[in-house]
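**Student:** Numbering of the sequence shown is given in this note's numbering, commencing with residue 1275 and proceeding in unit increments. Glycine included, each C-beta is placed from N, C-alpha and C at the ideal position.
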Amino acid sequence: MNHTPRSHTHHTRTARTTRSTLLLAGLGVVIVGLAGCAATATTGDPAITTGPSGSATTASDSQMSPTPTATTPTSGTSASSTTSAGGSSAPGRCGVDTLSASTTKDLHTDVDIDVPVTITNTGSAACTIQGWPGVSFVGGGNGAQIGPGANLDRQTPHTTVTLSPGAAAHFVLHVTRPGDGSNASCAPRSADGLRVIPPGSTRSLFVEAPGYQACSSDLPPTMSVTGIQAGAA
């Protein structure tokens, strides 16, 4: 009887079947593992551009939004319009607090006269003066105006004059009809002197000139005044 060979053949086939099954199972594990690795690599790519550091985004932001350049003018630029190249302030307008007015003309006369009046800078800083002064006679010991003020002779020069401390400018008052008392319509009154209002001012200087007989009536002005010019009279 041949029982032994059959048993051996049966066991051999069973072993081969088992090895094949294990081999296939192992291959399956390897394939699944490789698939998992591929999936991990695929899902990992976006992390390069969306990582917490955000370096790519930061660089893009810096290019799209560069640091602005300041264009607001400095205080030094705005101040340059009132400051000379040397850094000193430009002279301001002369005020009555730093001016004096005087004349050497004797007004004791009954004829047409020209009265030169000198204006001097008595302050410690330079200043400017330009235009025509307001001029009228005053009297009564209280500065009351006598008659109308002088007309402005606009045909005369009137350039801006810069007065350094102690420097002088002048104008000329022309009186065409002195009030000598011979004309009743003039209603002459004795003047104490002249009121002089510098250009651009509402305050006045006083020029002593006692004894002049000024017309107090409302006749047309009998005086005219030139523009202020450089130099003493």
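1) Helix, strand or coil: how does DSSP classify T1351 here?
2) Under 8 Å, do V1449 and L1468 count as touching if we go by C-beta distance?
3) Tell me whether Q1487 is buried or exposed, calling it buried when 16 or more other Cβ atoms sit within 10 Å of its Cβ.
4) Just the C-alpha distance for A1399 and G1421, rounded to the nearest angstrom, thanks.
5) Taking only runs that begin and end inside the stretch 1382 to 1463, name each unbroken beta strand (DSSP E) of 3 or more residues, in chain order.
6) For D1257, which of helix, strand or coil comes out of DSSP?
7) Is it a yes or a no for the stretch 1375 to 1384 touching the stretch 1430 to 1438, going by three-plus beta-carbon pairs under 8 Å?
8) Is the distance from the Cβ of P1365 to the Cβ of T1436 below 8 Å?
9) Since V1499 is in the beta strand (DSSP E), which residue starts that stretch and which ends it?
10) Quick one: Cα of D1492 to Cα of Q1419, how far?
11) So, P1439 versus I1502, is the Cβ gap smaller than 8 Å?
12) Determine which residues share a DSSP beta bridge with V1481 and list them.
13) With DSSP run on the structure shown, which of helix, strand or coil describes D1492?
14) Measure the Cβ-Cβ separation of I1403 and A1443 and say whether it is below 8 Å.
15) How is the beta strand (DSSP E) around S1363 delimited, first residue to last?
**Tutor:** Quick look at the numbers:
1) Its pLDDT being 30, under 50, T1351 is placed unreliably in this model, and the coordinates cannot settle the point.
2) no
3) buried
4) 36 Å
5) 1387 to 1395, 1401 to 1403, 1408 to 1413, 1418 to 1420, 1435 to 1437 and 1442 to 1449
6) Because the chain is modelled from 1275 through 1507, residue 1257 falls outside the range shown and cannot be assessed.
7) no
8) yes
9) M1497 to V1499
10) 12 Å
11) no
12) L1468
13) coil
14) yes
15) Element bounds for S1363: n/a, residue is neither H nor E.
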